[in-house]
Each structure stands twice: as structure tokens, then as C-alpha cells.
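Engineer: Quick one: this structure, given as C-alpha cells, is what I'll be asking you about.
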Amino acid sequence: MEKIIVARTGNEAMAEAMRQINPDVCAAYPITPATEIMQIFAGFVNDGKVKTNLITVESEHSAMSACIGSAASGARTMTATSSQGLALMHEILFIASGIRLPIVMADVNRALSAPINIHCDHSDTMAERDSGWIQIFSENTQEAYDSMLQANRIAEHKDVITPVMVTTDGFIISHGMERLEMYPDAEVQKFVGEYKGPYNVLDVDHPITVGSIVLTDYYFEYKKAQREAMKAAKRVILEVGKEFGKTFGREYGLIETYKCDDADYIMIAMGSTAGTAKAAIEELRKEGIKAGLLKIRVFRPFPAEEIAAVLAKAKAVAVLDRAESMSNQAGPVATEVKAGLFDAGVKVPLASYIYGLGGREIFLEDLKNVYRELKNIAEGKSKPEQAKYIGLKE
Amino acid sequence: MSSPKQAAAVETKFIGGHRACAGCGFPIAIKEVLSSCKDPVVVVSATGCMEVTSTIFPYSAWKVPFLHNAFENAAATCSGVEGAYQSLKKQGKIDKNIKFVAFGGDGGTYDIGLQSLSGAMERGHDMLYVCNNNEAYMNTGVQRSSATPRGANTTTAPAGKVINGKQQNAKDLTEIMVAHNLPYVAQATVGMFPDATKKFEKAFSITGPKFVNIYAPCVPGWGYDTSQTVKLSKLVVDTCMWPVYEVENGKYKINYKPAVKLPVTEYLKTQVRFKALMKDEAAIAIIQAHTDSKWARLLLMEEATNKV
């Protein structure tokens, strides 16, 4: 297939993906660093490049509310946000997943206030980890674009019917210009397919009631059904990722492993830092340190078994969290990894790190030091620490 | 316009079996709204008494499509439904003419949902927003709202030994909506059935954003006999505390001017919520003065806007 090679920022790539998907409705409110996505998309709308009805709401709360109204009306519906905007949507995110609407959202990871900060960390997205949304992280612009093209297929699959957020790292990916391989519009549209919503309140001949009050007799079963959908999502994400690979040449899974087969020391990271880790591994391997990376692409549903299987043979593991959960324990990713390892009966020394909050840079040398610390731990020279801050000003 | 008798002959789309209290005002409002629309209608609702008493899973009192999202976002949700409709219609995927109505109580409309309402109205969606105004947060147990009238006893502004009920006048939401320059804004009361249905019919006939604020008494929240709902909702108009009027493209029309303007005490004395207030002559004087000044202003607005 013909591939179109362009230079695009993450935001531009996500907007291009949305143009190709051509949703029926978008409802969005601007917020740094996600603003550009809808800004660029508004240009597509007003230039007649898409059929989308763009609803320029007065807040993110109303953005997600309007998305729910639209998705319940048989319309393919998308939005974009970040940070405080995602937090303002919080209440409505649970409703979107609870009444099972396959909304797709581009989410640009940014620190949460206070103090106010516009730069990348994962605290906004992590704060919504229990919202019932599927969460897909991107390492770079290409992955952001590719995952956006897969998101509708996953969200709308009959066994899933659950909203999806595809995230990029604020400024690092959203504003970083990279080489992007785009695919022809027609091929993308063929892959994404026609929209068929789970139900439709515009079907006036078959009136339905949506958003009922569900009390002690059925609420519990509603939640179990959502859990089953999340379980099915793991399979569907793999199926869609595989088909995407066959169609466009790049296959996607729940996790990606980089040189883990023979690795003594494995680092777990999400988002753009995975790219930095790969570079660190290359250098360390030259020094004879067998380093590997486990990148979590899909944080919800959490690929616990898959992660445990990779880590089973490692001598020491480091988990990097770009968010704090203020629990006095490890960050959210490390905590979940540990739970997965416990369930799988895998016992491996594990050190957890907090890094990059509010956009604090993470350098190649920082990551190499993490691997060196793992080596010391494995050799019994030091004990694994938890929630160790990388690059903190002392 | 229809009488209750005529409306009774129309197929009911909000059926019996809902769990609203005997004498509740809002089911009358719903009947007035739904019997006034000839086209198919989709209903969006805020959280509140109306939603929780009519959709207890797995039952529903609605024979029209009904969507509830949250408390403060009925207008935004309805704007999404209407937005989808416009998109699908333009693409030729829908050929029917469908009307959209969002319901909220005074809590979901005057207070927590005001931003959502203002945004949806400003964007010009083709939808009707109806505020079922029972003048307090009834679903959570009679807490004061910005629609609660001065002197009313509520659970968060109780008639105490030092402070006697709510100390502020109700916010004038209808005028706030007039300031949005909508094609149609009206104030109605459930007890004046022909007036209310005439307004809803007109609202449905107009393209664009419409707002109707309908007075809907609450038996347990206000404290009166279940048989008095309609009577009360007429009495309030005769005191000019809740004038019924409409503003069409900026022009005011007062739909009913009482031949004899009754003193506010005639209304206040009928409800337990004003029981403590009745001993407070100074407060009643403030309420009377406020009512008189608002009524005088409304008369002037009618005169002024019809001269232009």
C-alpha cells in the first residue's frame, strides 16, 4: 500500500487521524497542549473536508456531556482534551463507560494543578484509570496516529462497547515534529468501517430509556458486565492490532518488549520515555549490561498476566511512574505491576521510580543509572527502593 | 392550545406507574409538553425527582426516547443529541422531523446546570429547555436553591430562632434567558393548562433554542394538601409572584393580568414552608414590595418592547 511520508507533530497526527475517521460529531473545548487537535480539526470542518458537526461547547464537562448525547444518538463521536479538562470531565467519563458508549478521545497527558503547570506527566490520565475507559499510551507520533485509527474499532466492537482514550505526552509528542507514515484516506476508512452504535435514542419508533436509576437489584450486574467488556477488550485490542499490522504494516499489542528475551534487567515505562529507554538499552548493551524494556501500551485493561510472563526471568525490574498517587507507596503503574506479579507467583526484586512530573526532563543518563541500580540490586549491593524520585533538586 | 380534557384524548407518552408523589406538579408539566408536540420528540433529563421517579430500572414511564446523563448537564447532553441529529440528517441518514426537549428542575437549571444551559442556548441548538421549577432541591430533601423565594423554610435555610428561612429573593432565571436573545422565552404554570400548552406548541413550532420556566408545586417540599396543586399554581399568578408571560423575539407579552391583584399573604398562608414567615410582618412587606416592583417592571417591559 502507498504510504504518505510527512512531518507532523502529535497533535497534527491526531487531527489527521480524526479527519480520516470523519466522525459524525465532535464536541470539544480547548486546553493546552491539546488545543491544536480541535483547532486543526475545526479547519477541516470549515473547509468541508469532513462531514462532522463540531459542537464548540463552553467547558470540558459539557464536551463529554454532549459526546454522550451524540453517541447515544447513533453518531460516531470523538473529542480531545488534557489535564484540567480531563479532570473536569471526570464525573461524565464514568457515565460514558457506564451507559456503554463507544466515544473516542485524544488525551494529551499533562500535569494536574496545583501548582498549575502545562507540561507532561501522566497524573491526569492516571486519575481516570478507574473511569471504565480503555487507555492507550503512545510512544511517539506514529503510534498516536496508528492507535487513533484503531480506537474506534476497539470501542465499537460488540464485545467491548466501551470508550477509548488514546494518549500522547504533552509537548514531547503533542508538539514534537516527527516523521509520520500516513495511509490513504480510503484505506483508513475501509479499516475503520461504518459506524453502528449500540443503541439509538433517535430511533423514535422504538423508544428506549437510557440512563435509568439502577438500584441495589441491578447496579452490581451492570458493573460486572463492564468488567466482562474490559476482559473482552484485551482480546479485541490484540485482534485489531494484528489486523492493523496486516493492513498497514505495523502490528500492535497490549505491551511491547524491547530486547527482553535475554534481559537480566527490565524497565517498565509508558509513553515517550519508552523511546529514551530504547536508546539507553543500546548503549548499555555495548557495556555488556543486558538491559530490556517492557513498554505498557494499554494501561486499561491492565495486561497483568502478559507483564508477569515477561518479568518472570528477569534478575531485577524497575517500574517508572510519571504520576504520583500520594499513597506513600509506589506510583500507580508500579503498584499494579506488583499486584500482577503477586497473582502470577513471580518474585523478582522490583524498584519503583517517580520521574518527569510537571515536565521535568528525563535524560538518557538517568535511565542508564536506573539499569545500573538494578544491576547493583541483583548483585546484592543495594536494596530496591520504592517511589525513588529521579532528577529531583536536593 | 388544549384543555386537560383535550389533552387526555391524546395518546399519553408519560404513563402512569411512575413514582412521583400524589399531587406532584411536574407530571402535569410533562403532559403539557408532550401533548403539545405533533412531531416525534426525544426527551433529555437532568437528575432529579422526575428522572428518579420515572426510570427505576427495569421500568420506565416514558413512551418516547429518554436520555438521562447527570445533574448539571441536561442542556449540554441535549445539544449533543440535537448535534447528532443535524449531522445524520445532513448526511441523509435520518429523514424524520424530530423535536428535542430537555427537562431540569430548578436545581439542575438555575444553579448547577446554569452554565450548561447558557452554553447550549448561546450555540443556538434547535431544542426546547423546560425548567420544572418547584423552588428548592426537592429530590435531596428540600434544600434552598436560587429559585427558592424569600422567607421559605428549607432544610438548608430553615426557619430558625435567629434567621427565619431564606434571606434572598429568587433569582430571575427567565430574564437571564431573555438576555440570551432567544427566539422564545416563556414563564408558565402547571395549573393554567391551556396557557402552558399554547406556549409549548409555539415553542415547538419555532426553530432554534427555546426556554420555558414552568412553576410546578411540590407537596412534601411546600407543605399543602395534594388536592391543591392546580389551585396553588393559579393563586401564585393572581398575586403576581409568578407572572405568566412570554418573550418572542424580544417582545414581551403578559398572558394573564389578574383583575384583582391579590396580596402575597393570600398565597403565602397556604403553605407550611411559609408558616414561620407569616409572623414576620417586615419580611412579608419586603416580599410584597419586591413582587410589586417586579410586576411594575414587567408591565413596563411589555409596553416598551411593543413600541419598538
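Protein chains in written order, with my numbering: chain L, 12 to 405; chain D, 196 to 503.
Don't be surprised by glycine CBs; every beta carbon is placed ideally from N, CA and C.
I think Ile-388/L touches Ala-291/L, with their Cβ atoms under 8 angstroms apart; what is that distance to the nearest whole Å?
Structural biologist: Contact flag wrong, Cβ pair sits at about 17 angstroms.
Engineer: Taking Leu-368/L as the reference, which of Met-49/L, Val-36/L and Cys-131/L has the closest Cα?
Structural biologist: Cys-131/L
Engineer: So if I threshold CB-CB distances at 9 angstroms, which residues from the segment 268-291 of chain D count as touching chain L?
Structural biologist: Cβ proximity to chain L below 9 angstroms picks out Asn-268, Ala-269, Ala-270, Ala-271, Thr-272, Cys-273, Ser-274, Gly-275, Val-276, Glu-277, Gly-278, Ala-279, Tyr-280, Gln-281, Ser-282, Leu-283, Lys-285, Gln-286, Lys-288, Ile-289 and Lys-291 from the segment 268-291 of chain D.
Engineer: Tell me, to the nearest whole angstrom, how far the beta carbon of Ala-334/L is from that of Gly-342/L; I am working on the premise that it is less than 8 angstroms.
Structural biologist: 6 angstroms
Engineer: Show which residues of chain L have a CB atom less than 8 angstroms away from the CB atom of Ile-251/D.
Structural biologist: Ser-223, Ile-224 and Leu-226
Engineer: Does the distance from the CB of Ala-244/L to the CB of Asp-157/L come in under 9 angstroms?
Structural biologist: no
Engineer: So what's Tyr-194/L in DSSP terms, helix, strand or just coil?
Structural biologist: coil
Engineer: Taking only runs that begin and end inside the segment 138-208 of chain L, name each unbroken alpha helix (DSSP H) of 4 or more residues, in chain order.
Structural biologist: 152-167 and 196-203
Engineer: Express the C-alpha separation of Ile-307/L and Phe-148/L in angstroms, rounding to a whole number.
Structural biologist: Cα to Cα, the separation comes out at about 8 angstroms.
Engineer: Quick one: does Asp-214/L have its CB under 9 angstroms from some CB of chain D?
Structural biologist: At least one chain D Cβ lies under 9 angstroms of Asp-214/L.
Engineer: By the 10 Å Cβ neighbour count, where 16 or more other Cβ atoms means buried, how is Leu-403/L classified, buried or exposed?
Structural biologist: exposed
Engineer: Leaving aside the five residues before and after Ala-240/L along the sequence, list all residues of the same chain whose C-beta is less than 6 angstroms from its C-beta, in chain order.
Structural biologist: Leaving aside the five residues that flank Ala-240/L on each side, the residues in its chain whose CB is nearer than 6 angstroms to its CB run, in chain order, Val-171 and Thr-173.
Engineer: Rounded to whole angstroms, what is the Cα-Cα separation between Ile-358/D and Lys-366/D?
Structural biologist: 20 angstroms
Engineer: Can you tell which of Leu-463/D, Met-245/D, Ser-340/D and Asn-348/D has the C-alpha that lies nearest to the C-alpha of Gly-427/D?
Structural biologist: Contrary to the premise, residue 427/D reads as Leu rather than Gly in this sequence. Leu-427/D has its Cα closest to that of Leu-463/D, out of Leu-463/D, Met-245/D, Ser-340/D and Asn-348/D.
Engineer: Can you tell me the Cβ-Cβ gap for Ala-155/L and Gly-275/D, rounded? I've got them flagged as a contact below 8 angstroms.
Structural biologist: Incorrect: roughly 25 angstroms between the Cβ atoms, too far for contact.
Engineer: Give me, in chain order, the residues of the same chain whose beta-carbon lies closer than 8 angstroms to that of Ile-110/L; leave out the 5 immediate sequence neighbours on both sides.
Structural biologist: Ile-79, Ala-83, Val-221 and Gly-222
Engineer: Could you tell me the alpha carbon to alpha carbon distance between Met-49/L and Val-385/D, rounded to whole angstroms?
Structural biologist: Going by C-alpha positions, Met-49/L is about 43 angstroms away from Val-385/D.
Engineer: When you compare only the Cα positions, how much space is there between Tyr-366/L and Ala-280/L?
Structural biologist: 11 angstroms
Engineer: To the nearest angstrom, report how far apart Thr-287/L and Asn-211/L are at their CA atoms.
Structural biologist: 45 angstroms
Engineer: Considering only the alpha carbon of each residue, which of Phe-182/L, Thr-63/L and Asn-57/L lies closest to Gly-21/L?
Structural biologist: The shortest C-alpha separation from Gly-21/L is found at Phe-182/L.
Engineer: Look up Asn-9/L in the DSSP assignment and say whether it is helix, strand or coil.
Structural biologist: Outside the displayed span of chain L (12 to 405) sits residue 9/L, for which this structure offers no information.
Engineer: Just the chain D side, please: which residues come within less than 9 angstroms of Asp-35/L by C-beta, in chain order?
Structural biologist: Gly-278, Ala-279, Ser-282, Leu-283, Gln-286 and Lys-288
Engineer: Between Gln-201/D, Ser-240/D, Val-503/D and Asp-487/D, which lies nearest to Asn-444/D when the distance is taken from Cα to Cα?
Structural biologist: Val-503/D
Engineer: Could you give the distance in angstroms between the alpha-carbon of Asn-376/D and the alpha-carbon of Tyr-324/D?
Structural biologist: Per the coordinates, the alpha-carbon of Asn-376/D lies some 15 angstroms from the alpha-carbon of Tyr-324/D.
Engineer: Just to confirm the assignment, what range does the beta strand (DSSP E) spanning Glu-443/D have?
Structural biologist: 440-443
Engineer: For the alpha helix (DSSP H) holding Asp-354/L, just list the boundary residues, first then last.
Structural biologist: 343-355
Engineer: Based on the DSSP secondary-structure assignment, which residues constitute the bridge partners of Asp-332/L?
Structural biologist: Ile-365/L
Engineer: Alpha carbon to alpha carbon, what distance is there between Pro-344/D and Pro-113/L?
Structural biologist: 43 angstroms
Engineer: For the segment 227-236 of chain L against the segment 264-283 of chain D, are there 3 or more C-beta pairs whose distance is under 8 angstroms?
Structural biologist: In the pairwise beta carbon analysis, the segment 227-236 of chain L is classified as not touching the segment 264-283 of chain D: fewer than three pairs are separated by under 8 angstroms.
Engineer: Tell me which residues of the segment 344-366 of chain D have at least one Cβ-Cβ distance to chain L shorter than 7 angstroms, keeping chain order.
Structural biologist: none
Engineer: Quick one: which chain D residues come within Cβ less than 8 angstroms of Pro-218/L?
Structural biologist: Near Pro-218/L (Cβ distances below 8 angstroms), the residues of chain D are Trp-257, Lys-258, Val-259, Pro-260 and Phe-261.
Engineer: The beta strand (DSSP E) with Tyr-447/D in it runs from where to where?
Structural biologist: 446-449
Engineer: How is the beta strand (DSSP E) around Asp-118/L delimited, first residue to last?
Structural biologist: Segment 115-120, the beta strand (DSSP E) holding Asp-118/L.
Engineer: Between Gly-85/L and Leu-249/L, is the Cβ-Cβ spacing less than 9 angstroms?
Structural biologist: Taking the C-beta atoms as reference points, Leu-249/L is found no nearer than 9 angstroms to Gly-85/L.
Engineer: Below 9 angstroms between beta carbons: does that hold for Met-316/D and Phe-295/D?
Structural biologist: no
Engineer: Taking its Cβ as the centre, do 16 or more other Cβ atoms sit within 10 Å of His-72/L, making it buried, or is it exposed?
Structural biologist: Burial is judged here by how many other beta carbons sit within 10 angstroms of a residue's own beta carbon; His-72/L has at least 16 and is buried.
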